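Protein chains in written order, with the working numbering: chain D, 1 to 288; chain U, 289 to 504.
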């Protein structure tokens with residue numbers, strides 16, 4: 001079943017992600033994709049993640065599609081103006097890519113080309129509206145398309161954002177702009193996430209909770225300190241600290257959280273960041 | 289006001305290396321306010337150039353270098369000093385440099401880097417307006433997201449906001465958190481609940497002009 005059809009079903013959806021390489025050698029990425037094939041409903045392909053220049057997400061999506069996976073094309077507003085965004089979307093549609101995740105994108109100054117010009121001609125909310133327009137057969141200037149797109153649009157939300165209220169206001173705009181599914185920033189504090197879901201349930205959208213695989217207590221502390229909207233509770237850090245094999249413990253924690261999330265939301269989005277071989281292990285442990 | 293910063297002396301000496309005789313001109317408006325190109329800074333620059341073996345044929349600072357008529361008058365009154373110079377060093381914003389360059393046939397060089405249109409808040413220069421040609425401050429609680437959000441996005445904070453701070457760092461505040469808080473305190477959050485359309489960048493088409501009749 002395709003990702004978009006699974007979204008419409010009652011099934012708990014699992015997605016994962018791969019990052020394209022810095023260079024043209026795609027063997028590792030395709031190997032990661034092979035490990036995920038058949039175990040996840042769709043695979044996100046990151047778009048110059050963290051503003052670090054890599055092989056294009058569109059090309060990588062095409063390669064995954066050829067390999068029999070259902071890619072989610074991550075598209076940021078950082079590097080493209082409205083001509084390029086629409087043009088890449090038409091290109092993606094022509095290549096049979098059906099899912100798009102609309103993102104603002106990190107600012108270039110945080111990445112490996114800090115002197116580049118930041119575009120941000122549109123923002124993620126406006127991009128979602130553009131996807132809706134292209135689906136209806138028109139471009140942003142009202143011109144008719146020779147063949148419309150048929151995308152399943154998604155967006156992101158940070159349930160643990162501080163402050164939360166402006167983030168929720170934006171979430172509601174994304175819903176209004178046509179997002180069908182949301183993949184969240186990594187969540188570890190499931191009680192807090194439950195509160196977010198109680199609020200989000202008023203909207204007819206599917207929420208996939210972000211699961212960022214923890215590899216050590218040090219990584220957890222780093223996330224708490226450096227990554228906006230991520231909070232790893234102390235009990236999880238203690239658990240990792242005490243474990244003889246913290247990497248295995250990380251897999252256990254992820255699996256346990258996915259099991260709990262099945263009662264809370266519509267799916268889980270697993271971010272293994274270069275350790276995709278662990279995703280099947282997480283899913284085995286979660287009995288999925 | 290236009291906020292400027294003096295270039296390093298080495299950079300200035302480098303582009304003046306083939307010129308022995310220099311005329312210096314500064315601006316008594318913005319550049320004087322920020323102590324980068326007022327009369328004292330022009331004098332000081334003259335001394336530095338002399339110490340490097342240059343001849344300063346004359347120096348001046350007027351209000352304001354962006355005003356063509358004033359510049360024309362000053363350069364013609366100082367014609368002897370200007371004529372004796374091989375080039376003119378301008379201690380003003382990029383506008384001032386170009387007005388001088390339009391009026392004089394001499395090579396004209398910038399002594400300052402022009403940073404932004406800004407104001408002074410507690411001894412700190414801050415950029416609040418980027419001259420975008422389409423003001424929406426009426427809706428955003430008097431806080432400009434186009435300028436004060438590093439991404440200039442129009443529909444709320446991005447995922448990079450961390451406890452009210454912007455991901456680009458240096459203590460920058462998230463404009464969208466500021467806007468949200470301000471509008472909330474005014475009971476006007478409805479102002480930003482609708483989706484803002486993409487900006488019309490044709491309204492900020494460079495180079496701008498505005499004729500006497502006011503059309504653009």
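All C-beta atoms in this analysis are idealised placements derived from N, C-alpha and C, irrespective of residue type, glycine included. Predicted, not measured: the structure shown is a model, and the values here were computed from it.
- Residue 269(D) is outside the set of residues whose beta carbon lies under 8 Å from a beta carbon in chain U.
- Cα atoms of residue 330(U) and residue 353(U): separation of roughly 13 Å, rounded to the nearest angstrom.
- Taking a Cβ-Cβ cut-off of 7 Å, the neighbours of residue 446(U) in chain D comprise 104, given in sequence order.
- Taking C-beta separations shorter than 7 Å and ignoring five residues to either side along the sequence, the partners of residue 247(D) in its chain run 215, following chain order.
- The beta carbon of residue 326(U) sits closer than 7 Å to those of 314, 316, 319, 320, 349, all from its chain and outside the five residues before and after it, given in chain order.
- With respect to residue 20(D), residue 57(D) sits close: the two C-beta atoms are nearer than 8 Å.
- Shown here for residue 256(D): not one same chain residue has a beta carbon closer than 7 Å to its own, the five before and five after excluded.
- Within the region 52–75 of chain D, no residue places its CB atom closer than 7 Å to a CB of chain U.
- Annotation: residue 47(D) has no Cβ neighbours in chain U at a cutoff of 9 Å; minimum Cβ distance is about 14 Å.
- Partner residues in a beta bridge of residue 386(U), as assigned by DSSP, do not exist.
- Across the region 455–482 of chain U, CB contacts with chain D closer than 9 Å involve 455, 456, 457, 462, 464, 465, 467, 468, 469, 472, 477, 480, 481, 482, in sequence order along the chain.
- As computed with DSSP, residue 407(U) is found in a beta bridge with 414(U).
- Judged by DSSP secondary structure, residue 269(D) falls outside any alpha helix (DSSP H) and instead within the beta strand (DSSP E) spanning 267–271.
- Counting C-beta pairs closer than 8 Å gives fewer than three between the region 432–439 of chain U and the region 379–394 of chain U, which falls short of the contact rule.
- Per DSSP, the unbroken beta strand (DSSP E) holding residue 375(U) starts and ends at 375–379.
- Within the DSSP secondary-structure output, residue 348(U) pairs in a beta bridge with 313(U).
- A check of alpha carbon separations from residue 333(U) across 499(U), 310(U), 476(U), 322(U) identifies 310(U) as the nearest.
- Annotated as proximal: residue 35(D) and residue 280(D), with beta-carbon spacing under 8 Å.
- Non-local C-beta neighbours of residue 158(D) in its own chain, meaning closer than 8 Å and more than five positions away in sequence, comprise 167, 184, 185, 228, 229, ordered along the chain.
- Nearest CB-CB separation between residue 495(U) and chain D: not below the 8 Å threshold.
- One alpha carbon belongs to residue 378(U), the other to residue 207(D), and they sit about 59 Å apart.
- Looking at the DSSP output, residue 450(U) sits in a beta bridge with 453(U).
- Residue state for residue 401(U) is assigned as strand, using DSSP reduced to three classes.
- With a threshold of 16 other beta carbon atoms within 10 Å, residue 428(U) meets it and is buried.
- Secondary structure within the region 458–488 of chain U: not one fully enclosed beta strand (DSSP E) run of 3 or more consecutive residues is present.
- Under DSSP, the beta-bridge partners assigned to residue 103(D) are 76(D).
- In the structure shown, residue 45(D) adopts extended strand secondary structure according to DSSP, grouped into three states.
- The way I'd put it, the region 436–446 of chain U does touch the region 480–487 of chain U; three or more beta-carbon pairs between them come closer than 8 Å.
- Residue 146(D) sits exposed, since fewer than 16 C-beta atoms from the chains shown fall within 10 Å of its C-beta.
- Counting only runs of at least 3 residues, the region 88–175 of chain D fully encloses the following beta strand (DSSP E) elements, listed from N- to C-terminal order: 99–103, 152–157.
- Of all residues in the region 416–450 of chain U, those with a C-beta nearer than 8 Å to a C-beta of chain D are 438, 439, 440, 441, 442, 443, 444, 445, 446, 447, 448, 449, 450, reading in chain order.
- Taking C-beta atoms under 8 Å as the contact rule, residue 394(U) and residue 364(U) fail to qualify, at a distance of about 13 Å.
- Going by beta carbons, residue 346(U) and residue 366(U) fall inside the 8 Å limit.
- Exclusion of the five residues before and after residue 455(U) leaves 438, 446, 448, 449 as the residues of its chain whose Cβ lies within less than 8 Å of its Cβ.
- The beta carbon of residue 341(U) does not come within 8 Å of any beta carbon belonging to chain D, so the residue lies off that interface.
- Relative to the Cα of residue 291(U), the nearest Cα in the group 298(U), 404(U), 371(U) belongs to 404(U).
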